[in-house]
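Numbering (the working numbering), first residue to last: 67 to 564.
Where a beta carbon is used, it is the ideal one built from N, C-alpha and C, also for glycine.
Single-structure report; data block below.
Quick look at the structure:
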């Protein structure tokens, strides 16, 4: 049945070709025959005669030849073998005595096959690798390699080996992709391709911008720790953080290459390890987060009221990171700072943090500052010492007819607390007891209601809310006399009235 269909097909081809009866012709479905297939050659002599067949000059086997009619014959190739390849010639002894022949070449092939050649390879970057392409086929098979539709040639790093394998030295991630192994039956248009995917793995690497990150703790301080990760496949990133850290304040970006810590505190200090891991390996880098704390100074007391002659001590504790240095200073009225020495004076610092003042005097009153000093900044807290005012010095008095006005040649020592009142005292030479009057500190420093032309002893003392200071040295003054006022003389020439 198959042979009948083949004959019909050949006849159809003959009709299409429209050859002349006078010409011989061999018709076949295809010149290239796949190994194991059947093929048929139909010889049309174009006239009656005796038709015979030869292959490569040798008579064909009788079981291969079959007469179709007086003008045609067919040659059958069953289960084609490689040795069936050759030149087939149809001879015809025409009844007219004329002899003619025609030849046709049949090519039997085994198609290219890649067998167990892998379609996928994974390599580690930096290796020297071989990509195999095991090809079978008959007769001879020509092999070539392509990448991105471009033929690959040996260039020193990429070499084609004798067994048709492809060797790549020091393979890198840029070499990944699809490679095509092409196999072609020599001298025939029979071609087959095998695509091989190459994946290049790269161990992870981790790079950091800063090995030590320095910040100062505070509610407004946010810090970002970054690590640049590379590798194939894309590595996963894992952060290892100090045990003392509070992860509720930690946030990561989408691939976890950045760790953001908000409102940095001292307990965030420590080693932060960024680890990149893929199926090939893992790699880590460490960032040291150095968290400083602003100095803080805390006093045992912020204010003390002390009577003159007593001893005072107040302690100051400082904290921060790095540990700040502690210093006591005295703030003067003109905003100058005077350092309190750690020696053995009356005003001194003991044990590195205690301010001690022996035998307190009014001039000791005022502000003392405990200062904490560190590379992270400075801080200070003021301590107020309050005692009685001091005795006024450099006092002069200017008498009037009924008053004496005090003038101060030096500032009053207020004992660290504002002066609120003055006690004014005066007496005549014949009196033993002082008369006094208390005035507001805002009132003029004047004794009034004195007797003219009288000698007085006068003095005054300042007061603050703790008590009264000592009186100034006595001044002896004499009030002035009162000038008599005479009525004006009448005019010599009174104005006339009209």
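Quick one, are the C-beta atoms of residue 411 and residue 453 less than 7 Å apart?
Result no, Cβ atoms of residue 411 and residue 453 do not sit closer than 7 Å.
Do you know how far the Cα of residue 345 is from the Cα of residue 94?
Rounded to the nearest angstrom, the two C-alpha atoms are 58 Å apart.
CA-CA distance, residue 244 and residue 235?
Those two C-alpha atoms are separated by around 17 Å.
Please name the residue in 177, 196, 173 and 174 whose C-alpha comes closest to that of residue 184.
Out of 177, 196, 173 and 174, 196 has the C-alpha closest to the C-alpha of residue 184.
Alpha carbon to alpha carbon, how far is residue 106 from residue 177?
Their Cα atoms are separated by approximately 20 Å.
Output the boundary residues of the beta strand (DSSP E) element that contains residue 272.
From DSSP, the beta strand (DSSP E) with residue 272 extends over 257–274.
Would you kindly work out how many angstroms separate the C-alpha atoms of residue 349 and residue 192, rounded to a whole number?
Using only the alpha carbons, I get a separation of about 17 Å.
Can you tell me which residues form a DSSP beta bridge with residue 432?
In DSSP, residue 432 forms a bridge with 451.
Would DSSP call residue 312 helix, strand or coil?
DSSP places residue 312 in coil when its eight states are reduced to three.
Count the CB pairs spanning the region 169–176 and the region 194–208 that are closer than 8 Å, and state whether there are at least three.
Yes: the two stretches touch, three or more of their Cβ pairs being nearer than 8 Å.
Can we say the region 327–336 touches the region 373–380, given the rule of at least three CB pairs closer than 8 Å?
No: fewer than three Cβ pairs fall under 8 Å.
Spatial neighbours of residue 129 within its chain, please: C-beta separation below 7 Å, excluding the five flanking residues on both sides.
Correct list: empty, nothing qualifies.
Unbroken beta strand (DSSP E) runs of length 3 or more, entirely within the region 81–130: which are they?
The qualifying runs are 91–93, 98–100, 105–110 and 115–121.
For residue 325, count the other beta carbons within 10 Å of its own beta carbon; 16 or more makes it buried, fewer makes it exposed. Which is it?
Classification of residue 325: buried, given that the 10 Å Cβ count is 16 or more.
Report all residues from its chain with a CB closer than 6 Å to the CB of residue 257; omit the five preceding and five following residues, and keep chain order.
Within the same chain, residue 257 has close Cβ partners 250.
Taking DSSP as the reference, what is the three-state secondary structure of residue 324?
If DSSP states are grouped into helix, strand and coil, residue 324 belongs with the strands.
Given a cut-off of 7 Å on the beta-carbon distance, is the pair residue 488 and residue 513 in contact?
Going by C-beta atoms, residue 488 is not nearer than 7 Å to residue 513.
Pair every Cβ in the region 285–297 with every Cβ in the region 212–229, then say whether three or more of these pairs are closer than 8 Å.
Touching, no.
Between residue 414 and residue 406, which are expected to be in contact by the criterion C-beta below 8 Å, what is the C-beta distance as a whole number of angstroms?
So it is a contact: roughly 7 Å between Cβ atoms.
Suppose only complete runs of 3+ residues qualify. What are the beta strand (DSSP E) ranges in the region 170–233, listed by chain order?
You should have 186–190, 195–197, 202–204, 207–213 and 224–226.
Which residues does DSSP list as the beta-bridge partners of residue 537?
None; residue 537 has no bridge partner.
Is the beta carbon of residue 266 sitting closer than 7 Å to the one on residue 239?
For residue 266 and residue 239, yes; Cβs fall inside 7 Å.
Three or more C-beta pairs under 8 Å: does that hold for the region 107–120 against the region 157–172?
Contact between the region 107–120 and the region 157–172 is present, because at least three Cβ pairs lie under 8 Å.
What ranges does the beta strand (DSSP E) occupy inside the region 352–376, keeping only unbroken runs of at least 3 residues that lie completely in it?
Runs found: 369–371.
Could you tell me the boundaries of the beta strand (DSSP E) in which residue 528 lies?
Segment 521–529, the beta strand (DSSP E) holding residue 528.
Check for me: the beta strand (DSSP E) holding residue 503 runs from which residue to which?
Per DSSP, residue 503 belongs to the beta strand (DSSP E) from 501–506.
For residue 341, collect the residues of the same chain with a Cβ closer than 8 Å to its Cβ; drop the 5 residues on either side in sequence, then sort them by chain order.
Once the five neighbours on either side are set aside, the close Cβ partners of residue 341 are 272, 303, 304, 305, 306, 348, 349 and 350.
What do you reckon, are the CB atoms on residue 445 and residue 527 nearer than 7 Å?
No.
Return yes when the Cβ of residue 288 is within less than 7 Å of the Cβ of residue 248, no when it is not.
No, the pair does not count as a contact, with Cβ atoms beyond the cut-off.
State the start and end residues of the unbroken beta strand (DSSP E) segment that holds residue 244.
Here the beta strand (DSSP E) through residue 244 covers 243–251.
Taking only three categories from DSSP, how would you classify residue 379?
If DSSP states are grouped into helix, strand and coil, residue 379 belongs with the strands.
Once the 5 residues before and after residue 339 are set aside, which same chain residues still bring their CB inside 6 Å of it?
Excluding residues within five positions, the ones whose Cβ falls inside 6 Å are 306, 350 and 352.
State the DSSP-derived secondary structure class of residue 333, mapped to helix, strand or coil.
Looking at residue 333 - three-state DSSP - the assignment turns out to be helix.
How close, in whole Å, do the beta carbons of residue 335 and residue 365 come, if the pair is a contact with beta carbons under 8 Å?
Residue 335 to residue 365, Cβ: 27 Å. No contact.
Between which two residues does the beta strand (DSSP E) carrying residue 286 extend?
Here residue 286 belongs to no beta strand (DSSP E), and DSSP marks it neither H nor E.
Are there three or more Cβ pairs, one per stretch, closer than 8 Å when the region 455–470 is compared with the region 418–429?
Taking 8 Å as the limit for Cβ pairs, the verdict is that the region 418–429 does touch the region 455–470.
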